[in-house]
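Only one structure is covered here, and it is reproduced in the block below.
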Amino acid sequence: MKKILVIAASLLLSTSAFAGEAWKNFLGFGWRLPTSSKMYAEKQDFENLKMSVQTGIDVSYTGVLMSNGFSVRALVDTNFSNSNVDTPAGSEISYLIGINQDLLIGAGWAPIRTDMFFFGFYGMIGYDFTVLTYDSTAFNSKDPKFRQTVYYASFLPALNATFAWTPVNRFSLFASATLGYNCPTYIHYETEDGDQKTEDKTLSRGGVKVIPTVGICWKF
Numbered sequence: 002m003k004k005i006l007v008i009a010a011s012l013l014l015s016t017s018a019f020a021g022e023a024w025k026n027f028l029g030f031g032w033r034l035p036t037s038s039k040m041y042a043e044k045q046d047f048e049n050l051k052m053s054v055q056t057g058i059d060v061s062y063t064g065v066l067m068s069n070g071f072s073v074r075a076l077v078d079t080n081f082s083n084s085n086v087d088t089p090a091g092s093e094i095s096y097l098i099g100i101n102q103d104l105l106i107g108a109g110w111a112p113i114r115t116d117m118f119f120f121g122f123y124g125m126i127g128y129d130f131t132v133l134t135y136d137s138t139a140f141n142s143k144d145p146k147f148r149q150t151v152y153y154a155s156f157l158p159a160l161n162a163t164f165a166w167t168p169v170n171r172f173s174l175f176a177s178a179t180l181g182y183n184c185p186t187y188i189h190y191e192t193e194d195g196d197q198k199t200e201d202k203t204l205s206r207g208g209v210k211v212i213p214t215v216g217i218c219w220k221f
């Protein structure tokens, strides 16, 4: 998967390098609007892994060939995420919290591509990665060591639509919506209680992933 993303990124860079002045770029920075996400567990004795809030920052690149509308897009979302996994009774927080990251890259077509307005839609591939954890020593170093970790990494095919408005030269406002599907993967569970460590995992049937983003970008 990593090799595929590296090759795809290299192709995007080479395309923009040889397109000349007919190639326009949008380098964006935005906010991933809060959404929820769920990974469905295959085994009945495992609860579905639900993240009720995922929100954070988005960095993206969009390039378009003005002559025919061929367009490429890449985005990286790094977000705060929580979960429905309970921590032990008496813990400072009641559920696991952590980081979610989505990386997507793809190509498509922009039917609207004027000096002021841009609209494109894309087919994209990438990954969705989430790690959620609780560590008792993070709140009080004198507490007995107790750590819980839940994580997964999933292949993420997706569709994306992006709109940009350029009211002044080189400065744009954009909105982007991505709809993807987390492919089946393993959800890993680890618990460390003192010197005892247990590990378990369950196969996930996947789940729908929605990534809405708004922000600003530099057009050049």
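Under this note's numbering, the residue at position 61 of the sequence shown is numbered 62, and the numbers go up by one with no gaps. C-beta: ideal position from N, C-alpha, C; glycine also. Here the structure is a predicted model, which means the values were calculated and not measured.
Close-in-space but distant-in-sequence residues of the same chain around residue i (CB under 8 Å, 5 per side omitted)
i: Pro-35; result: Val-54, Gln-55 and Thr-56
i: Thr-88; result: Ile-94, Ser-95, Tyr-96, Leu-97, Tyr-135 and Gln-149
i: Leu-160; result: Phe-122, Tyr-123, Gly-124, Met-125, Thr-179, Leu-180 and Gly-181
i: Ile-58; result: Phe-30, Gly-31, Trp-32, Arg-33, Asp-78, Thr-79 and Asn-80
Integer-rounded CB distance, given that residue j should sit under 8 Å from residue i
i: Val-65; j: Arg-114; result: 5 Å
i: Gly-124; j: Ala-108; result: 7 Å
i: Tyr-128; j: Pro-158; result: That belief does not hold up - the Cβ atoms of Tyr-128 and Pro-158 are roughly 10 Å apart, past 8 Å.
i: Ile-98; j: Thr-79; result: Not a contact, Cβ separation roughly 14 Å.
i: Tyr-41; j: Ser-205; result: 6 Å
i: Leu-104; j: Val-77; result: 5 Å
i: Met-52; j: Ser-92; result: Rounded, the Cβ-Cβ distance is 19 Å, inconsistent with contact.
Per DSSP, cross-strand counterpart(s) of residue i
i: Pro-213; result: Ala-178
i: Asp-201; result: Tyr-190
i: Arg-114; result: Phe-119
i: Thr-79; result: Ile-58 and Gln-102
i: Cys-184; result: Answer by DSSP bridge pairing: none, since Cys-184 is not bridged.
i: Ala-108; result: Val-73 and Gly-124
i: Met-40; result: Leu-50
i: Ala-162; result: Phe-122 and Ala-178
i: Phe-221; result: In DSSP, Phe-221 forms no bridge with anything.
Beta-carbon proximity list for residue i, same chain, < 6 Å, skipping 5 on both sides
i: Ala-162; result: Phe-122 and Ala-178
i: Leu-133; result: Ser-84, Leu-97, Gly-99 and Val-151
i: Ala-75; result: Tyr-62 and Ile-106
i: Thr-186; result: Tyr-153, Ser-155 and Ser-205
i: Phe-1; result: Coverage of the chain is limited to positions 2 through 221, which leaves residue 1 absent and any answer about it impossible.
Pairwise C-alpha distance: residue j and residue i
i: Arg-33; j: Tyr-152; result: 21 Å
i: Thr-199; j: Glu-191; result: 6 Å
i: Asn-49; j: Thr-203; result: 10 Å
i: Gln-102; j: Ala-23; result: 33 Å
i: Phe-172; j: Phe-120; result: 16 Å
i: Val-60; j: Gly-31; result: 6 Å
i: Val-215; j: Gln-197; result: 45 Å
i: Leu-174; j: Phe-164; result: 8 Å
i: Ser-137; j: Val-86; result: 15 Å
i: Lys-210; j: Gly-195; result: 36 Å
Cutoff 7 Å; reference residue i; Cβ partners in own chain excluding five residues on either side
i: Leu-28; result: Tyr-62, Cys-218 and Trp-219
i: Asp-201; result: Tyr-190
i: Phe-118; result: Trp-166
i: Gly-208; result: Ser-38, Lys-39, Met-40, Tyr-41 and Asn-183
Checklist entry - If we count Cβ pairs, one from each stretch, closer than 8 Å, do we get three or more for the segment 144 to 153 versus the segment 66 to 73? => result no
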